[in-house]
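Colleague: After the structure tokens below, expect a handful of questions from me.
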Amino acid sequence: MDQQLFNFARVPAMKELLANEDGSPAKQEVVDFYGGLATAIFLVGWASGGLVFGVLGDRIGRAKTMLMTILVYSLCTGLSSFSVGFWDFAFYRLITGLGVGGEFAVGVALVAEVMPNRARQHALSFLQALSAVGNVTAATITMYLGHLEQSGLVGNWEVGPFTITTWRLMFMIGTIPALLAILIRGRLKEPEQWSRTVHDAQDDKSKKKVVAGSYAELFTDARWRHGALVGLALATSGVIGVWGIAFFSFDLVGSVLRKGEEAKVRQEKSVENSEIPLLALVSQNPSLLNLATTNADGDKGKSIGEMIDGKAFVGTEPGLQDTGTLWTAIVAASKDRDSDVEATTPLTMDEIKEAINVDDDKEVDKDALVALLGGSAATTDVEEAEKKANQLALSITKRNGDINGFVTRNKGLAGILLNVGAFFGMYGFGAVSSRIGRRPTFLISFILAAGGAILVFYAFEKVEDLYWMFPIMGFCVLSPFAGYAIYFPELFPTRLRSTGTSFCYNVGRYLAATGPLTLGILTGFVFKDAPEPLRHAGIAMCCVYLIGIIALPFAKETKDQPLPE
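Throughout, our numbering is defined as the position within the sequence shown, counted from one, plus 2.
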């Protein structure tokens, strides 16, 4: 659940934490880059935690270690909600990753050892499929919070230096698994196979000493070394495919749907009827920025300057952000004035142009920007101006909330549909691999994964596409993960099972951490001039599945074989 909450919260968190000091939004390429960097840091933590806790799982026991991992990742997920900047957010995600990474290897080792051979692969594929239930829960939470955001119930609570927004609530909810760990800590027992092979042998001085949880031991024996390296290649392919491609499809959904809603706003002339008139009013009377808004019930709210920032403006053309840039300039110009100037004195065109702050790599016609203000008639009556400014500010805020809620809900829907497909894909891997073997099933799943991801990144255009594209992608892209849960424990003996499984899965994550970072670079720099850079970047990244396909001829077939002792 935690990883999916992070995927849904990543973009709004980056937009808030990376906003400029004057309140203007960060460039989209900056948001994309740091979003990829945050994901990469999370994956590095995931990999590091997996390696550490994997060894502990072999040395001190599966059950004890799993409880530790649950507590670490759930508590640090909650701390993420209190972030005030990018780097403390990244630190919390790093520590969260430590706990999440340890849980997989220890959990699959535990289940593999308690199940009989005939039922093992079905139990492990079902266990992995159940991860989709947690992801669906995260998506449902996202949709519900999106509804609350649209209704205005979320986003207005002030706590210390920040506002409790939707993404912060998501991470607060992520602390719930800690309660589960507390409830089950006395009921979870160690597998008999581990106790017999490792625990009892270590206590019995008459028996040969068992070396458990050792990476040196893992790589000394050629059998285990070969399995570790092949498993690493298989895991790298699938993990990059999910974390570097599929999970960024939620960002694609948000971007495409937001642009669609903003296009509707322009068609309805909301820019001409709301944004430009408000800009004109405030430029004519900057004191309106300090006017407390009043809703239909007469309740006082934030001032107009506090309620609205540049991100709330749609702009006259897609991607232009002209009205948002102009609003930020007007706010900045009003603050930069000498204290002896009356607050009601209109801003001059030169003052506004001087305050326009744009990126060095963009050419902006400042005269054209300030010319937008000439399209709205001046309002000289102060009371009438205040009433009109209040109405326009509330209208823009409501419109923005509607768009944000719509996008958030449908990103949640995308997550639900993707994970419905993932459930059947992961369980299906177990059923198919029991018939035709592990290696052929991996080959099929890698080919389908690339095809499913390309389908979404190339063809997604509207809400209706969610209902069939995302189940297909989820089925294809997540199915290899059931293969990892089934196959990796079959490659290693009991004393090294958690260590070996963790090595395959989590060293693969070190390499996979380059995936989101690469996607961020492709999106923010290589394809930044494309209409939708994420489409091109996602499709280009699908070549990672070749890594797994190339490794398959070297993989050992383990179908119908008992676990190594």
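Cβ coordinates follow ideal geometry from the N, Cα and C atoms, glycine included.
(1) Exposed or buried, what is Val384 when buried is set at 16 or more other beta-carbons lying within 10 Å of its beta-carbon?
(2) Suppose you measure from the CA of Glu356 to the CA of Ala335; what does that come to, to the nearest Å?
(3) Tell me, to the nearest whole angstrom, how far the beta carbon of Pro491 is from that of Leu565; I am working on the premise that it is less than 8 Å.
(4) Can you find the residues in the same chain that come closer than 7 Å, C-beta to C-beta, to Pro288, ignoring five residues on each side of it along the sequence?
(5) Tell me which same chain residues have a C-beta within less than 6 Å of the C-beta of Val116, skipping the five on either side of it?
(6) Please report how far the alpha carbon of Ser208 lies from the alpha carbon of Ala42, in whole angstroms.
(7) Give every residue of the same chain whose Cβ lies closer than 6 Å to the Cβ of Arg170, excluding the five residues on either side of it in the sequence, and list them in chain order.
(8) Is it right to say Asn9 is buried, meaning 16 or more other beta carbons lie within 10 angstroms of its own, or is it exposed?
(9) Give the straight-line distance between the Cα atoms of Lys191 and Lys66, rounded to the nearest whole angstrom.
(10) Is the separation between the beta-carbon of Leu420 and that of Leu480 shorter than 9 Å?
(11) Taking the beta carbon of Ala15 as the centre, do at least 16 other beta carbons fall within 10 Å, making it buried, or is it exposed?
(12) Reducing DSSP to helix, strand and coil, say where Ala451 ends up.
(13) Hey, Cys478 and Gly453: beta-carbon distance below 9 Å or not?
(14) Looking at the structure shown, is Ile247 part of a helix, part of a strand, or coil, going by DSSP?
(15) From what residue to what residue does the beta strand (DSSP E) around Lys302 run?
(16) If you reduce the DSSP assignment to three classes, tell me which class Ile438 lands in.
(17) Which residue comes first and which comes last in the beta strand (DSSP E) that contains Thr295?
(18) From Asp90 to Ile247, what does the alpha carbon distance come to, in whole angstroms?
(19) Using only alpha-carbon positions, find the residue among Leu39, Ala235, Ala218 and Pro179 that is nearest to Ala78.
(20) To the nearest angstrom, report how far apart Glu105 and Asp4 are at their CA atoms.
(21) How is Ser208 classed by DSSP in three states: helix, strand or coil?
(22) On the premise that Gly423 lies in contact with Met475, defined as a C-beta separation below 8 Å, what is that separation, rounded to the nearest angstrom?
(23) Tell me the residue span of the alpha helix (DSSP H) that contains Val74.
(24) Just the Cα atoms here: how many angstroms apart are Lys390 and Leu290?
(25) Determine the closest residue to Asn406 out of Tyr36, Glu559, Gln152 and Trp48, with distance taken between C-alpha atoms.
(26) If I measure Cβ to Cβ from Gly1 and keep anything under 7 Å in the same chain, skipping five residues before and after, which residues do I get?
(27) For Glu115, name the three-state secondary structure that DSSP assigns.
(28) Is Gln130 buried or exposed, if buried means 16 or more other CB atoms sit within 10 Å of its CB?
(29) Select from Ile72, Gly37, Glu463 and Leu259 the residue whose C-alpha is nearest the C-alpha of Thr520.
(30) Given the structure, does Leu349 come close to the ligand COA, in the sense that its CB is under 8 Å from one of the ligand's heavy atoms?
(31) Decide if Asn412 is buried, meaning its Cβ has at least 16 other Cβ atoms within 10 Å, or exposed.
(32) In the DSSP assignment, the alpha helix (DSSP H) including Lys17 goes from what residue to what residue?
(33) If you run the structure through DSSP and keep just helix, strand and coil, what is Gly87?
(34) Consult DSSP for Ala265 and reduce its assignment to one of helix, strand or coil.
(35) Hey, could you find the ends of the alpha helix (DSSP H) Asp338 is sitting in?
Modeller: Reading off the structure:
(1) exposed
(2) 8 Å
(3) 7 Å
(4) Ser336, Ala345 and Leu349
(5) Pro193
(6) Any reading at Ser208 needs caution, since the residue's pLDDT is 49, under 50, leaving its predicted position unreliable; the model's value is listed next. One C-alpha to the other measures close to 47 Å.
(7) Ser83
(8) buried
(9) 9 Å
(10) yes
(11) buried
(12) helix
(13) yes
(14) coil
(15) Lys302 to Ser305
(16) helix
(17) Ala294 to Thr296
(18) 25 Å
(19) Looking at the sequence provided, one finds Cys at residue 78 rather than Ala. Ranking the options by Cα distance to Cys78, first place goes to Pro179.
(20) 12 Å
(21) In this predicted model, Ser208 has a pLDDT of only 49, less than 50, meaning its place in the structure is not dependable; the value taken from the coordinates is given anyway. Three-state result, Ser208: coil.
(22) 7 Å
(23) Arg64 to Ser82
(24) 10 Å
(25) Gln152
(26) With the chain covering only 3 through 567, there is no way to say anything about residue 1.
(27) helix
(28) buried
(29) Gly37
(30) What this structure holds is no ligand at all, so the ligand COA is not there to describe.
(31) buried
(32) Asp4 to Leu19
(33) coil
(34) helix
(35) Asp324 to Asp338
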